[in-house]
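Remarks on the structure that follows.
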Amino acid sequence: MCNILGIDADKLPQILHSDEIVGNVKEEVASRVGLSDKTAVIAGVMDSVAACISLGVTDTKKPALIIGTVARLCLPSEKDYFDNRFLNTFYLKDIPYLIMTPVNGGGLSIRWFIENFCIDEINKAKEQKIDFYKLIEEKIKDIPPGSNSLIYLPYLVGERSPIWNPKARGMFFGISHNHTKYHFYRSIMEGVAFAIRHNLEIYKETYDVDIDYITISGGGARSRLWSSIISDILSIKVAIPEAVETETKGSAALAGLGVGLFSSLNNALTREDNLYLIRPNPDNIKRYDLMFSIYKNLYKHCLDDYSDLYSINI
-16 MCNILGIDAD KLPQILHSDE IVGNVKEEVA SRVGLSDKTA VIAGVMDSVA
34 ACISLGVTDT KKPALIIGTV ARLCLPSEKD YFDNRFLNTF YLKDIPYLIM
84 TPVNGGGLSI RWFIENFCID EINKAKEQKI DFYKLIEEKI KDIPPGSNSL
134 IYLPYLVGER SPIWNPKARG MFFGISHNHT KYHFYRSIME GVAFAIRHNL
184 EIYKETYDVD IDYITISGGG ARSRLWSSII SDILSIKVAI PEAVETETKG
234 SAALAGLGVG LFSSLNNALT REDNLYLIRP NPDNIKRYDL MFSIYKNLYK
284 HCLDDYSDLY SINI
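This is the structure:
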């Protein structure tokens, strides 16, 4: 690969296992963060892999969905077949591969909408000393599934899986005079879930795998409403652990393994038995199926328009 790209291999770091020690914390850094300069540093892994390690994702029928700025469906695989619509990486010794589906506009879409259209709600939450997300979800809880026929495409910064189109842009389709800002908020939650389903359907067809349930973590997992919407749109049970910020826990387990504190990852991690389980609502599935079909068609219909808009570059 280096020869093909014209890169001097000597300039690249040594390839190591993720739990191997690469050195110690530098003295100037250690003094600033309150650590000993003898603290070991391991090679480590990307955040999504660390989250999956923390969640104990080893069953191909029980993937994880991590909802941060980017929403990533992470699916362990024993097969060395890779679909280029996904982001594929190495994982664990027994489950060697991890297939990821980065949806760029996951939590990003929610944050964009809040920062630009929910200032009043932010101030109200501060004044009343209540959680903003509880306040906003109280406003949208009675909006029907489908947000009264409002569909959101979460392509604010282009999209990766499965379309890999940097020119794609976000869209609300079906706006009427009856829609309020709260319809738009719920529509964003649904649109991100549609993007996740778009990837999941391709995965299930390509790899011929049935999914038992999906464990959700990351900031988005704090919303039971969003998790319920995802369950309905995917028509799959979802499980939520008590601790939803899982990347640091997975990295800590690897570090403990690297310094000999643990003999294996199984010993390093306590499996979550008290998962909160959400089942899809049969009454919502049919409506979401119809809207998902429109969701996919919207991208196809706008494909040339995305390129034309991109070329204007004003």
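Residues in the sequence shown are numbered from -16 upward in steps of one, following my numbering. Ideal Cβ positions, reconstructed from N, Cα and C, are used throughout, including at glycine.
1. Between residue 73 and the rest of its own chain, which residues show a CB-CB distance below 8 Å, the 5 nearest in sequence each way excluded?
2. Using a 10 Å radius around the Cβ and a threshold of 16 neighbouring Cβ atoms, would you call residue 183 buried or exposed?
3. Quick check on residue 142: does DSSP put it in helix, strand or coil?
4. Determine the closest residue to residue 221 out of 65, 208 and 232, with distance taken between C-alpha atoms.
5. Are there 16 or more other CB atoms within 10 angstroms of the CB of residue 100, so buried, or fewer, so exposed?
6. Take the Cβ of residue 165 as the centre, count every other Cβ of all protein chains shown within 10 Å, and call the residue buried at 16 or more, exposed below.
7. Which stretch, first to last residue, makes up the alpha helix (DSSP H) that contains residue 37?
8. Whose C-beta lies closer than 6 Å to the C-beta of residue 155 among residues of the same chain, with five residues either side of it excluded?
9. Does the beta-carbon of residue -1 have 16 or more other beta-carbons within 10 angstroms, so that it is buried, or is it exposed?
10. With DSSP as the reference, please indicate the residues paired to residue 57 in a beta bridge.
11. Identify which residue in 199, 241, 284 and 234 has its Cα closest to the Cα of residue 225.
12. Mind checking residue -8: buried by the 16 CB within 10 Å criterion, or exposed?
13. At 3 residues or longer, and completely inside the region 182 to 233: list those beta strand (DSSP E) runs for me, N to C.
14. Answer yes or no: do residue 299 and residue 38 have a C-beta to C-beta separation smaller than 8 Å?
15. Go ahead and pull the three-state DSSP assignment for residue 156.
16. Could you check how far apart the C-beta atoms of residue 205 and residue 116 are, in whole angstroms? I think they sit under 8 Å.
17. Taking the alpha helix (DSSP H) that residue 12 belongs to, which residues open and close that run?
Reading off the structure:
1. If you ignore the 5 residues before and after residue 73, its C-beta comes within less than 8 Å of the C-beta of 79, 80 and 81, all in its own chain and listed in chain order.
2. Answer is buried; the Cβ neighbour count reaches 16.
3. Looking at residue 142 - three-state DSSP - the assignment turns out to be strand.
4. Of the listed residues, the one whose Cα sits closest to residue 221 is 208.
5. Here residue 100 is exposed: its Cβ has fewer than 16 other Cβ atoms, across all protein chains shown, within 10 Å.
6. Classification for residue 165: buried.
7. Unbroken alpha helix (DSSP H) run through residue 37: 30 to 38.
8. Result list for residue 155: 135, in chain order.
9. Classification for residue -1: exposed.
10. Per DSSP, 47 and 83.
11. For the residues 199, 241, 284 and 234, the minimum Cα distance to residue 225 belongs to 199.
12. Residue -8 should be labelled exposed.
13. Within the region 182 to 233, the beta strand (DSSP E) runs of at least 3 residues that lie entirely inside it are, in chain order, 196 to 200 and 220 to 223.
14. Lying before the first or after the last residue shown, residue 299 is absent from the chain, which here runs from -16 to 297.
15. Residue state, collapsed to three classes: strand.
16. Correct: roughly 7 Å between the Cβ atoms.
17. Residues 10 to 16.
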